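Worksheet for the structure shown next.
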Amino acid sequence: MVLAAMLMSRALRDCGLARRIALWFIRVIGKTSLGLGYALHLTDVTLATGVPSITARSASIVFPIARSISSLYDSEPGESAPRLGAFLMTCMYQTSVVASAMFFYSSAANILLGDIAYEVTGIEVTWTSWFVAGLVPGIVSSLAVPYMVSRVLPPEIQSTPAASEFAKTELSKIGSIKGREAVVLGVFVFLIAFWVASSYIEWLSAGLVAFIGLGVLFVTGALTWDAALDERSAWDVYVWYGGLLTMGGLLNETGSTTIFATWIGSWFVGVPWLVVLMGTLAVYFYSHYFFASTTVHALAMYAPFIVMLVGAGVPAAVAVYSLLFINNLQAGLTHYGTTTSPVIFIEGYVSFRDWWSIGFMASVLNLLIWIVVGMSWWKILGLW
């Protein structure tokens, strides 16, 4: 499943469909600097529905376009960055973590942790269940974060009609959707539709759907075997995924997680579970200052924290989903929070001080949204 989805992301990049999506959003709403911020985010959100890599989306697709638009307004790394580039790069990265939090298949780590959550708690995370749980807080964050960045790091250039014209010109150059691009678009729509259906049809697995889509890409030539072999990150995940999942299952089968949960739960006797949850989420979130990867962070802390929360009386569904969302949002804290952030930071558009200060402000905003709005929404959904 993870391998097929990551190879699908390679096809999206190679055929040019991902770039077309970005240009379309910029043409429609990119006439102001804030509109550009939303356009870049909407591109990321669209791709995050089925591209399990923030690096493949943000660093490989969205970032080059943001850099080109900055150059249109003579905003380059260094002294001219405040004209537009600093805002676009900051907004793009801070919203990319929101996009990752909104969809199950936006990250290989999400898929791995979803399986670990099932092994430990018995709660099955699906494309649809994740989407529904993250929908309302995700929309609020999507609206709030770009606006916050525009107020804290306002670009000198507010009106950007040239960006919209640039996108229009580029779209006219590449013409209509045809050939490989049409095949990839069809497969992408097929995957999303049947991933949703797999949440309701017991015999239809998400993995089966993914490999059918991958097979179509290979047969039609929309994805070549050489390109697939070159996607090293996909094969890396494929190798270690099974072992880590098996480890989680063995911990559960031996009763280790139950013993640990009971022990930890005894520490919080008499403490309201909501207080325990908020404190735990804050600790989990800000401990990411000490990690350079959300996957590594999750593998070290996700399962123990889930067990701890359930042992302290937190509803299992709330524990599972809240930590899954937080595991993505925390990546905005630093310039090394994911493999994507260094790619953007080393370009020199955003200073160390601005990156860290805005990262912290965005973290507070996201925590408030996903705890206050999220908990209210999950109450309506019956998760607690």
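With the numbering used here, the residue at position 52 of the sequence shown is 273, and numbering never jumps.
C-beta: ideal position from N, C-alpha, C; glycine also.
No experiment lies behind these values; they were computed from the predicted model shown.
Start-to-end residues for the alpha helix (DSSP H) that takes in aspartate 451: Taking the first residue of the sequence shown as position 1, residue 451 is located at position 230. Note, aspartate 451: alpha helix (DSSP H), 446 to 451.
Coarse secondary structure for threonine 253, derived from DSSP in three states: Along the sequence shown, read from residue 1 onward, the residue named residue 253 stands at position 32. Collapsing the DSSP output to three states places threonine 253 in a strand.
Reduced DSSP secondary structure (H/G/I, E/B, other) of serine 350: On the sequence shown, position 129 is the one that residue 350 refers to. DSSP places serine 350 in helix when its eight states are reduced to three.
Range covered by the alpha helix (DSSP H) that runs through tyrosine 421: Position 200 of the sequence shown, counted from the first residue, corresponds to residue 421. Per DSSP, tyrosine 421 lies in no alpha helix (DSSP H) segment and is marked neither H nor E.
The alpha helix (DSSP H) enclosing histidine 518, as first and last residue numbers: Here residue 518 refers to the residue found at position 297 of the sequence shown. If you look at histidine 518, you'll find it in the alpha helix (DSSP H) that goes 515 to 532.
Beta-carbon contacts of tyrosine 507 that lie in its chain and below 8 Å, excluding the five residues immediately before and after: Within the sequence shown, the letter at position 286 stands for residue 507. Within the same chain, and ignoring the five residues on either side of tyrosine 507 in sequence, the residues whose Cβ sits closer than 8 Å to its Cβ are Gln551, Leu554 and Ser584.
8 Å contact criterion, which arginine 384 and leucine 502 should meet: CB distance rounded: Numbered from its first residue, the sequence shown carries residue 384 at position 163. Numbered from its first residue, the sequence shown carries residue 502 at position 281. Sequence check: residue 384 is alanine here, not arginine. In this structure alanine 384 is not in contact with leucine 502, their Cβ atoms being roughly 37 Å apart against a cut-off of 8 Å.
Meets three-Cβ-pair contact criterion under 8 Å: the region 252 to 270 and the region 534 to 553: No, the region 252 to 270 is not in contact with the region 534 to 553.
DSSP-derived helix/strand/coil call for serine 380: Within the sequence shown, numbered from 1, the residue matching residue 380 stands at position 159. If DSSP states are grouped into helix, strand and coil, serine 380 belongs with the strands.
Meets three-Cβ-pair contact criterion under 8 Å: the region 335 to 348 and the region 407 to 419: The region 335 to 348 vs the region 407 to 419: in contact.
9 Å Cβ cutoff met for serine 362 and leucine 604: Along the sequence shown, one-based indexing puts residue 362 at 141. Along the sequence shown, one-based indexing puts residue 604 at 383. Not in contact: serine 362 and leucine 604 (Cβ atoms no closer than 9 Å).
For threonine 501, the first and last residue of its enclosing alpha helix (DSSP H): Position 280 of the sequence shown, counted from the first residue, corresponds to residue 501. Unbroken alpha helix (DSSP H) run through threonine 501: 494 to 507.
Cβ neighbours of alanine 448 in the same chain (closer than 7 Å, five flanking residues each side left out): For this step, residue 448 is matched to residue 227 along the sequence shown. Residues Arg231 and Asp235 of the same chain have their beta carbon placed closer than 7 Å to that of alanine 448, with the five preceding and five following residues left out of the count.
Among Ala365, Trp488, Ile378 and Leu244, the one whose alpha carbon lies nearest that of glutamine 315: Position 94 of the sequence shown holds residue 315. If we check each option's Cα against that of glutamine 315, Ala365 comes out closest.
Reference threonine 342, options Val528, Ile332 and Phe411, closest by Cα: Counting from 1 along the sequence shown, the entry for residue 342 is found at position 121. The residue with the shortest Cα to Cα distance from threonine 342 is Val528.
Identity of the residue in Val370, Leu602 and Phe246 nearest alanine 388 by Cα: Residue numbering aside, residue 388 sits at position 167 when the sequence shown is read from its first letter. In this structure, Phe246 is the residue among Val370, Leu602 and Phe246 with its C-alpha nearest to the C-alpha of alanine 388.
Rounded distance between the beta-carbons of proline 382 and serine 254, thought under 8 Å: Here the question's residue 254 lines up with position 33 in the sequence shown. Here the question's residue 382 lines up with position 161 in the sequence shown. About 11 Å separates the beta carbon of serine 254 from that of proline 382, a gap too long to meet the 8 Å contact definition.
Contained beta strand (DSSP E) runs [length at least 3] in the region 546 to 594, N- to C-terminal order: Secondary structure remark: continuous beta strand (DSSP E) runs of at least 3 residues inside the region 546 to 594: none found.
Backbone CA spacing between valine 492 and threonine 515 [nearest angstrom]: In the sequence shown, residue 492 corresponds to position 271, counting from 1. In the sequence shown, residue 515 corresponds to position 294, counting from 1. Threonine 515 has its alpha-carbon roughly 29 Å from the corresponding atom of valine 492.
As assigned by DSSP and simplified to three states, the class of proline 367: Against the sequence shown, residue 367 aligns to sequence position 146. Residue state, collapsed to three classes: helix.
Threonine 264 versus arginine 278: straight-line alpha-carbon distance, rounded: Position 43 of the sequence shown, counting from 1, holds the residue named residue 264. Position 57 of the sequence shown, counting from 1, holds the residue named residue 278. Using only the alpha carbons, I get a separation of about 9 Å.
Where proline 273 falls: helix, strand or coil (DSSP): For the purposes of this step, residue 273 is taken as the residue at position 52 of the sequence shown. Coil at proline 273, not helix or strand.
Three-way DSSP call (helix, strand, coil) for proline 358 in this model: Walking along the sequence shown from the start, residue 358 turns up at place 137. Helix.
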